[in-house]
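Residue numbers for the sequence shown follow my numbering, beginning at 151 and rising by one.
In this text, a Cβ means the ideal position worked out from N, Cα and C, and glycines have one as well.
Okay, structure first, notes after.
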Amino acid sequence: MKTVFVLNGPNLNMLGKREPSIYGTQTLDDIGADCRKAGSALGLEVDFRQSNHEGALVDWIQEASQAAVGLVLNAGAYTHTSIAIHDAIRAAAPLPVVEVHLSNIHAREPFRHVSKVAPYAVGMICGFGPLGYTLALQALAARV
Ligand code: DQA
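As structure tokens, then:
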């Protein structure tokens, strides 16, 4: 089976407790279980991870370029700030990357309107809560 990585950045381990009016009540474990289920229906093995550390995310993006056929990435706040993650995605080319956000980042504070991931992503899904991860896996499956 083809492997896709689903990588989650800082504070996403707090889902369920963290600002539920914005991020909902599902935990990251719930989302991981949904991703594995959606992946198996699509013929994809999902390797689902989270880190609060920028360097760990960079390491995993590098690993994905060797071990995976695609990447779903919710880089959390690093989306808006991290040149290291931007560079890692560029270096991972031609690995297809689908950017996901639970919330609609364009309807929030101006500093969230900018994404350093988007220029090198196949596309971005935001605003649909946990469903966005399943949609991203569908988009990757159609591409690989
Ligand atoms: C987020 C949006 C980011 O702006 C924020 O920093 C997050 C979560 C989302 O999934 O909506 O941590 O990536």
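8 Å contact criterion, which residue i and residue j should meet: CB distance rounded
i           : j           : result
residue 234 : residue 250 : Incorrect: roughly 19 Å between the Cβ atoms, too far for contact.
residue 285 : residue 189 : In fact, because the Cβ distance is near 13 Å, the residues do not count as touching under 8 Å.
Opening and closing residue of the beta strand (DSSP E) in which residue i lies
i           : result
residue 275 : 273-276
residue 220 : 220-224
residue 152 : 152-158
Reference residue i; option with closest CA among the options
i           : options            : result
residue 245 : 229, 191, 292, 272 : 272
residue 280 : 230, 270, 183, 260 : 183
residue 223 : 232, 177, 247, 276 : 247
residue 231 : 151, 152, 160      : 160
Where the alpha helix (DSSP H) through residue i begins and ends
i           : result
residue 290 : 281-293
Within 8 Å, do at least three Cβ pairs link the segment 228-245 to the segment 181-198?
no
Are the segment 205-216 and the segment 164-174 touching, with three or more C-beta to C-beta distances below 8 Å?
no
Taking 8 Å as the threshold, find out whether the segment 159-168 comes into contact with the segment 259-278 through three or more Cβ pairs.
no
Which runs of the alpha helix (DSSP H) fall wholly inside the segment 196-274 and span at least 4 residues, in chain order?
204-217, 233-241
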